[in-house]
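Novice: Under UniProt numbering, think of the first position of the sequence shown as 1, with each following residue one higher.
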Amino acid sequence: MTTPPMKLKRSPAANSATVTAVKSAASSSQDALAARLLVRETMRISANLATSSGSSSPMEVASASQQAQVRSIVDDVKFGSLVEDGGGQFVDSSLRLICREEIDGRRWNYVAEKDGSGRFKKNSIRALSLQCPQAPTEELMSFVRSYVVPEGFPDSVSSSYVPYMMWRALKHFFGGAISVFTTQTLLGSVGVSRNRATPGAVAINWILKDGAGRVGKMIFARQGKKFDYDLKQLRFTGDLLMELGAGVELVTAAVPHLFLPLACAANVVKNVAAVTSTSTRTPIYKAFAKGDNIGDVTAKGECVGNIADLLGTGLSIMISRRNPSLVTTFAFLSCGYIFSSFQEVKSVVLHTLNRARFSVAVESFLNTGRVPSLQEGNKQEDIFNFPWKDKPVVIGSRFRDAFQDPGAFLSIEPLFEKERYIVTYNPSKGKVYALLKDQAKADDIIKAAFHAHVLLHFIQSVNDRQSLSRKQQEYDHSKSAPTPADLEARIAESCKMVSASYGHFKSKTAEQGWRMSDSLLNPGRARLY
1 MTTPPMKLKR SPAANSATVT AVKSAASSSQ DALAARLLVR ETMRISANLA
51 TSSGSSSPME VASASQQAQV RSIVDDVKFG SLVEDGGGQF VDSSLRLICR
101 EEIDGRRWNY VAEKDGSGRF KKNSIRALSL QCPQAPTEEL MSFVRSYVVP
151 EGFPDSVSSS YVPYMMWRAL KHFFGGAISV FTTQTLLGSV GVSRNRATPG
201 AVAINWILKD GAGRVGKMIF ARQGKKFDYD LKQLRFTGDL LMELGAGVEL
251 VTAAVPHLFL PLACAANVVK NVAAVTSTST RTPIYKAFAK GDNIGDVTAK
301 GECVGNIADL LGTGLSIMIS RRNPSLVTTF AFLSCGYIFS SFQEVKSVVL
351 HTLNRARFSV AVESFLNTGR VPSLQEGNKQ EDIFNFPWKD KPVVIGSRFR
401 DAFQDPGAFL SIEPLFEKER YIVTYNPSKG KVYALLKDQA KADDIIKAAF
451 HAHVLLHFIQ SVNDRQSLSR KQQEYDHSKS APTPADLEAR IAESCKMVSA
501 SYGHFKSKTA EQGWRMSDSL LNPGRARLY
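1) Which of the three DSSP states, helix, strand or coil, is assigned to Trp167?
2) When DSSP labels each residue in this structure, what does Val348 get in the three-state scheme?
3) Pick helix, strand or coil for Arg145, following the three-state DSSP scheme.
4) Alpha carbon to alpha carbon, how far is Ile491 from residue 538? Give it in angstroms, no decimals.
5) Enumerate, from N- to C-terminal direction, the unbroken beta strand (DSSP E) stretches of 3 or more residues contained entirely within the segment 207-288.
6) Once the 5 residues before and after Ile98 are set aside, which same chain residues still bring their CB inside 7 Å of it?
7) Compare the beta carbon distance of Thr280 and Leu315 with 8 Å and say whether it is the shorter of the two.
8) Can at least three beta-carbon pairs, one atom from the segment 250-259 and one from the segment 294-309, be found at a separation below 8 Å?
9) Could you tell me if Asn354 is buried or exposed, where buried requires 16 or more neighbouring beta carbons within 10 angstroms of its beta carbon?
10) In terms of residues, what are the limits of the alpha helix (DSSP H) holding Tyr529?
11) Could you pull the start and end residues of the beta strand (DSSP E) that Ala135 belongs to?
12) Return the CA-CA distance between Val371 and Asn267, expressed in angstroms with no decimal places.
13) Measure the beta-carbon distance from Tyr229 to Leu520 and round it to whole angstroms, keeping in mind my assumption that it falls under 8 Å.
14) Go ahead and label Ile422 buried or exposed: buried means 16 or more other beta carbons lie within 10 angstroms of its beta carbon, across all protein chains shown.
15) Spatial neighbours of Gln512 within its chain, please: CB distance less than 6 Å, with the 5 preceding and 5 following residues excluded, ordered by chain position.
16) Identify, in the order they occur along the chain, each residue of the same chain with its Cβ nearer than 6 Å to the Cβ of Lys391, setting aside the five sequence neighbours on each side.
17) May I have the straight-line CA-CA distance separating Ala169 from Val162, to the nearest angstrom?
18) Do Arg100 and Lys114 count as a contact pair if the criterion is CB distance below 8 Å?
19) Rounded to whole angstroms, what's the CA-CA distance from Gly524 to Glu413? Just pull it up for me.
20) Give the C-beta separation of Ala135 and Trp108 to the nearest angstrom, bearing in mind that I take them to be a contact with Cβ-Cβ under 8 Å.
21) Check Asn123 in the structure and name its three-state DSSP category.
22) Could you name the residues that DSSP lists as bridge partners for Lys506?
23) For my contact list, Ala449 and Ile395 are in at a C-beta cut-off of 8 Å; report their separation, rounded to the angstrom.
24) If we count the other Cβ atoms within 10 Å of its Cβ and call it buried at 16 or more, is Trp514 buried or exposed?
25) If you follow the beta strand (DSSP E) that Val432 is in, where does it begin and where does it stop?
26) In whole angstroms, what is the alpha-carbon distance linking Glu243 and Ser334?
27) Tell me, which residues are paired with Asn426 by DSSP?
28) Starting from the Cα of Phe342, find the closest Cα among Gly238, Thr368, Ala442 and Phe365 and give me that residue.
29) Which word fits His504, buried or exposed, when buried means at least 16 other C-beta atoms lie within 10 angstroms of its C-beta?
30) Is Val371 helix, strand or coil by DSSP?
31) Taking the alpha-carbon positions, what's the Pro133 to Arg398 distance?
32) Can you give the beta carbon distance from Asp438 to Glu102, rounded, assuming they're within the 8 Å contact cut?
Set out below in structure tokens:
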């Protein structure tokens, strides 16, 4: 027996709501997807009203596709796919749109919830994703691309990059295969053992050690962009890792049964150090060249390094014949190596302003009214300010990192109406955040970084004065976190300071020979739109 079609009753009020909602969707500036979702949301509300209404005209849901559509709407609402009504408010919701954010083509809406009186609730900011999750294959391809191609590929490289890398990969493939046989042959030739299986086993262990090092080199290559804006810090870090790897290799003499794991670990560390050394070599040589002679400078620099390496090798051979203490000799040579490395990095004078040198320049400008010279700025740069350490200033940060309360954002937003960035201070994290808008250009990013350091200078000055006053009160342990009103006043004061001094700061840096680039400040990719 065929089941009769189900009939749903619909009230006149529901009909009126449907017509009104559809007209408003048609006349609004929402795109086609938002308009379709709005109509579907209205159908769901009408269906709910029909179940509780007693007198109305019938509306048939005669097909299975229509029933599936209604179920899809219920799922959309259940999982948070809310539809904006065009005025910042969401349909049938107490949420209000605060701002929008985009990172690499992916977008989020930040919304906040209102209470019954129309005020925003504290800590009510939520992020709503505007796209479906990526398919597993897309996530895998994105992961692979992050390791094998530069950022911005293919626009960031020339057309010859792909064929060159293909032939290079093929060459290294054959080279790796040949090394298995050559290593086994060499070990067998020097008489490792009379057992015919031993040379093969030793060769496999040696090749596994080298293979682990290559894997470490490949993984660390993902950090390639950091070699541009934290050049000195990473160069010194690489030398420290080189000594650490050498120390682990020496440990194998004490525990020969752990040769393979220790040798693999040491080789991974030393290959990471090798990537750091080779990646930072060219920019350093480029800083020395005074024309189109970078090739000559590089060749001569490598020649000097090879001569010194040969002399050190000869000296160590003569010392080893006297059987000195291995630990004492290694400690002495390591201290000399690390000290020389530190002095080598400190002696480099770079003309660009990365994060560390930019901080030195702004701090000097705010304290003395002058920008340090190239030699002074490079000398004052903190070599131990490693990239993985927390920084007090974050440029291009996510909205959710900078703000927890919607009121804090809405109160300072008018101050940056004419700017292409927003600067704020988060007392709970103790950091200054510079949020970039989607129209931000290179100069806007540099100005945002300057503004962030100015605000940090103001806050630290106030905190220092409060700390000094608390020292005079022995039992006063109150915290110096600024109130929202104080924070807003300091941000407004920093806006005036930046408007009056940013142009002067730029001219001073140019006079001293500094070159500013937004990419060397390592801005995040998040943008407000």
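In this text, a Cβ means the ideal position worked out from N, Cα and C, and glycines have one as well.
Specialist: Let me spell this out:
1) helix
2) DSSP places Val348 in coil when its eight states are reduced to three.
3) helix
4) Here the chain comprises residues numbered 1 to 529, so residue 538 is not present and cannot be evaluated.
5) none
6) Answer for Ile98: Tyr110, Val111, Ala112, Ile125, Pro406 and Phe409, listed in chain order.
7) no
8) At 8 Å Cβ cutoff, the stretches do not touch.
9) buried
10) Careful: Tyr529 lies outside any alpha helix (DSSP H) and carries neither H nor E.
11) Taken as a continuous stretch (DSSP letters only), Ala135 belongs to no beta strand (DSSP E), as it is neither H nor E.
12) 43 Å
13) 4 Å
14) Ile422 should be labelled buried.
15) Val371 and Ser373
16) none
17) Straight across, the Cα-Cα distance linking Ala169 with Val162 is about 11 Å.
18) no
19) Distance between the alpha carbons of Gly524 and Glu413 is about 20 Å.
20) Not a contact, Cβ separation roughly 20 Å.
21) coil
22) Looking at the DSSP assignment, Lys506 forms no beta bridge with any residue, so it has no partner.
23) 5 Å
24) buried
25) Lys431 to Leu436
26) 7 Å
27) Lys431
28) Gly238
29) exposed
30) coil
31) 19 Å
32) The C-beta separation of Asp438 from Glu102 comes to about 6 Å, placing the pair in contact by the 8 Å criterion.
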